[in-house]
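In our numbering, the protein residues as written are 32 to 422.
Even glycine gets a Cβ: it sits at the ideal position worked out from N, Cα and C.
Remarks on the structure that follows.
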Amino acid sequence: MDDYSPVEVSKLEGHSARVWCVRWHPNGKLLATCSADRTIRIWSKEGMHWQCKSILSDGHTRTIRFIAWSHDGRYLASTSFDSTIVIWSKKTSGNVDSELKEDKSCADDWKLMFSLEGHENEVKAAAWSYDDLYMSTCSRDKSVWIWEKIETGTAITDEDENNFDFNNEEPIFECASVQTEHTQDVKRVLWHPCLPILVSASFDNQIKLYVQDDEDWHSFANLNEHESTVWAIDFNHNGTRLVSVSADETIKIWQPESSKLCQIETLLNTSLPLPKGSDKIYAELSKKWHIVASLSGYHHGTIYDCSWSIINNCILTVGADNSIHIFSELKNGEEKSDSSALVRYRQVAFQMEAHTEDINSVHWNPKHSDLFATGSDDSTIKIWNFTQTSL
Numbered sequence: 032m033d034d035y036s037p038v039e040v041s042k043l044e045g046h047s048a049r050v051w052c053v054r055w056h057p058n059g060k061l062l063a064t065c066s067a068d069r070t071i072r073i074w075s076k077e078g079m080h081w082q083c084k085s086i087l088s089d090g091h092t093r094t095i096r097f098i099a100w101s102h103d104g105r106y107l108a109s110t111s112f113d114s115t116i117v118i119w120s121k122k123t124s125g126n127v128d129s130e131l132k133e134d135k136s137c138a139d140d141w142k143l144m145f146s147l148e149g150h151e152n153e154v155k156a157a158a159w160s161y162d163d164l165y166m167s168t169c170s171r172d173k174s175v176w177i178w179e180k181i182e183t184g185t186a187i188t189d190e191d192e193n194n195f196d197f198n199n200e201e202p203i204f205e206c207a208s209v210q211t212e213h214t215q216d217v218k219r220v221l222w223h224p225c226l227p228i229l230v231s232a233s234f235d236n237q238i239k240l241y242v243q244d245d246e247d248w249h250s251f252a253n254l255n256e257h258e259s260t261v262w263a264i265d266f267n268h269n270g271t272r273l274v275s276v277s278a279d280e281t282i283k284i285w286q287p288e289s290s291k292l293c294q295i296e297t298l299l300n301t302s303l304p305l306p307k308g309s310d311k312i313y314a315e316l317s318k319k320w321h322i323v324a325s326l327s328g329y330h331h332g333t334i335y336d337c338s339w340s341i342i343n344n345c346i347l348t349v350g351a352d353n354s355i356h357i358f359s360e361l362k363n364g365e366e367k368s369d370s371s372a373l374v375r376y377r378q379v380a381f382q383m384e385a386h387t388e389d390i391n392s393v394h395w396n397p398k399h400s401d402l403f404a405t406g407s408d409d410s411t412i413k414i415w416n417f418t419q420t421s422l
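Given below as structure tokens:
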């Protein structure tokens with residue numbers, strides 16, 4: 032199959048400076064973006080057009096570098112060059128869950144719930160654990176912070192008492208651990224999709240994985256095959272593989288050593304929630320990782336971001352050369368494009384000059400396999416269509 036280009040379906044304008052990050056809401060209907068103009072914009076589709084529904088402008092005093100939705104969609108975390116993290120929540124007069132399910136969910140006003148301090152320098156990224164019990168942040172100060180979300184409301188049950196939730200009182204966030212394993216600026220943090228396992232990527236060219244023991248969190252694995260800054264990382268849908276992108280212009284796909292992989296897949300294929308202690312079992316089995324594919328020659332400049340679709344299993348990459356590339360794993364019976372047995376992925380689509388300046392961020396829509404968004408130094412956001420029937 033010949034490579035082809037994704038189709039631009041919408042161009043969103045409004046930010047007055049470079050767009051650092053784009054992130055879809057878990058319901059797939061909203062898009063949050065943040066910028067060097069110190070604002071967050073929340074967009075939704077009205078008819079055939081995307082419109083800005085909210086502008087959050089009172090949270091930070093400097094560039095907003097990163098945004099991350101909680102998995103339940105109730106909170107949005109933003110990180111800034113002003114060294115703070117802000118947690119935003121939706122203003123609601125009723126049941127939050129029901130409002131989030133509406134077609135215009137989260138498109139109304141948001142309020143600043145907390146401003147978290149502790150980092151000594153620019154905060155580069157944030158991520159929520161799969162169950163939203165933890166949030167992690169990373170900084171130019173070389174540290175990774177793990178924050179615990181503590182509910183302060185009263186537990187309430189539904190009529191059959193089989194489910195419970197907390198009332199509308201706001202939770203609090205407390206620092207549970209500070210990790211200082213990296214020797215340089217930490218660019219990205221990421222949680223495993225179904226375990227309390229944390230990953231970080233840094234200017235020191237390394238990727239580290241962390242797990243919690245009885246006393247504290249600690250690093251249990253170090254991936255150090257990149258030759259320059261690791262800018263971004265992402266897991267596949269069940270956390271058996273990890274993709275990383277770097278200033279060395281390569282895309283690397285990792286998985287734990289083959290002798291342990293079967294045990295890991297068995298563990299992760301268990302019905303959720305996974306049994307208590309599964310994180311420690313995963314950590315023990317995943318101390319050593321190897322590269323199953325290293326892709327190069329596609330980007331000509333630093334690769335800034337990547338996104339691994341939980342629906343179509345394709346990997347998106349973007350970078351300083353203004354281009355978008357999409358990769359897919361080779362299917363059974365397909366001829367490998369390289370004699371190396373490690374090559375298992377190929378490019379299936381690309382778009383050169385997708386923006387007029389560096390592309391800083393990319394994110395697959397979590398509900399629609401054909402949609403993704405990009406954000407650029409040219410101050411615009413674009414929404415793209417990628418048709419699966421072409422694979």
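**Report entry** Distance, S359 Cα to S407 Cα
**Finding:** 24 Å
Report task. Helix, strand or coil for S289, going by three-state DSSP, please let me know. Result -> helix
Query raised in the report: From T94 to I71, what distance separates their C-alpha atoms?
Result: 10 Å
Query raised in the report: Would DSSP call E77 helix, strand or coil?
Result: strand
**Report entry** S340 versus E182: straight-line alpha-carbon distance, rounded
**Finding:** 31 Å
Query raised in the report: Considering I390, what are the terminal residues of the beta strand (DSSP E) in which it resides?
Result: I390 to W395
Query raised in the report: Which whole-angstrom value describes the C-beta separation of E179 and W415, a residue pair presumed to lie in contact below a C-beta threshold of 8 Å?
Result: At roughly 37 Å, the Cβ-Cβ gap does not stay under 8 Å, so E179 and W415 are not in contact.
Report task. Give every residue of the same chain whose Cβ lies closer than 6 Å to the Cβ of H46, excluding the five residues on either side of it in the sequence, and list them in chain order. Result -> S66, D68 and S410
Query raised in the report: Using the rule of at least 16 other Cβ atoms within 10 Å of the residue's Cβ for burial, across every protein chain shown, is E200 buried or exposed?
Result: exposed
**Report entry** Cβ-Cβ separation, E77 to F112 (assumed contact under 8 Å), whole Å
**Finding:** In fact, because the Cβ distance is near 32 Å, the residues do not count as touching under 8 Å.
Query raised in the report: When the Cα atoms are used, what is the spatial distance from L43 to S231?
Result: 30 Å
Requested in this report: May I ask which residues mark the beginning and end of the alpha helix (DSSP H) holding E315?
Outcome: S309 to L316
Report task. With 7 Å as the threshold, decide whether the Cβ of V154 is near any Cβ in chain B. Result -> Reference to chain B is not applicable here, since this structure consists of a single protein chain.
Requested in this report: Report yes if the C-beta distance between G90 and H399 is below 7 Å; otherwise report no.
Outcome: no
Report task. Within its chain, find whatever has a CB closer than 6 Å to the CB of E258; leave out the 5 residues flanking it on each side and keep chain order. Result -> D279
Query raised in the report: Which two residues bound the contiguous beta strand (DSSP E) that contains C225?
Result: No beta strand (DSSP E) holds C225; DSSP gives it neither H nor E.
Query raised in the report: Touch check for the segment 240-253 and the segment 290-299: three-plus C-beta pairs under 8 Å?
Result: no
Report task. Can you check DSSP and say which residues form a bridge with S250? Result -> Y241
Query raised in the report: Among residues of its own chain, excluding the 5 on either side of T260, which ones have a beta-carbon nearer than 7 Å to its beta-carbon?
Result: K218, F234, N236, S277 and A278
Requested in this report: Compare the beta carbon distance of S174 and T214 with 7 Å and say whether it is the shorter of the two.
Outcome: no
Query raised in the report: Based on Cα-Cα distance, which residue from V323, K121 and I334 lies nearest to T281?
Result: I334
Query raised in the report: Taking the C-alpha atoms as reference points, what is the distance between Q82 and W74?
Result: 5 Å
Requested in this report: Pull up the distance between the alpha-carbon of C337 and that of C345, whole angstroms please.
Outcome: 10 Å
Query raised in the report: Are the CB atoms of I284 and A324 nearer to each other than 7 Å?
Result: yes
Report task. Please classify K413: is it buried, with 16 or more other beta-carbons within 10 angstroms of its beta-carbon, or exposed? Result -> buried
**Report entry** Close Cβ partners of E384 (< 6 Å) along its chain, the five nearest in sequence each way excluded
**Finding:** N353
**Report entry** Secondary structure of T297, DSSP reduced to three states
**Finding:** helix
**Report entry** Cβ-Cβ distance between W97 and T115 below 7 Å
**Finding:** Residue 97 is actually Phe in this sequence, not Trp. Result no, Cβ atoms of F97 and T115 do not sit closer than 7 Å.
Query raised in the report: Taking just the CA atoms, how far does R105 sit from S124?
Result: Low confidence applies to S124: its pLDDT is 49, below 50, so where it sits in the model is not reliable enough to give any reading.
Query raised in the report: Would DSSP call Q215 helix, strand or coil?
Result: coil
Query raised in the report: If you drop the 5 nearest sequence neighbours on each side, which residues of the same chain put their C-beta closer than 8 Å to that of W141?
Result: I73, S85, L87, L107, W119, S120, K121 and K122
Query raised in the report: What are the boundary residues of the beta strand (DSSP E) that includes T348?
Result: I346 to G350
Query - Simplified DSSP state of F145, which is helix, strand or coil - result: strand
Report task. Compute the Euclidean distance between the alpha carbons of Y241 and A380, then round it to the nearest angstrom. Result -> 34 Å
Query raised in the report: What are the start and end residues of each continuous beta strand (DSSP E) run of 3 or more residues lying completely inside the segment 51-77, in chain order?
Result: 61-66 and 71-77
Report task. Find out if the Cβ-Cβ distance for the pair H394, R54 is shorter than 7 Å. Result -> yes
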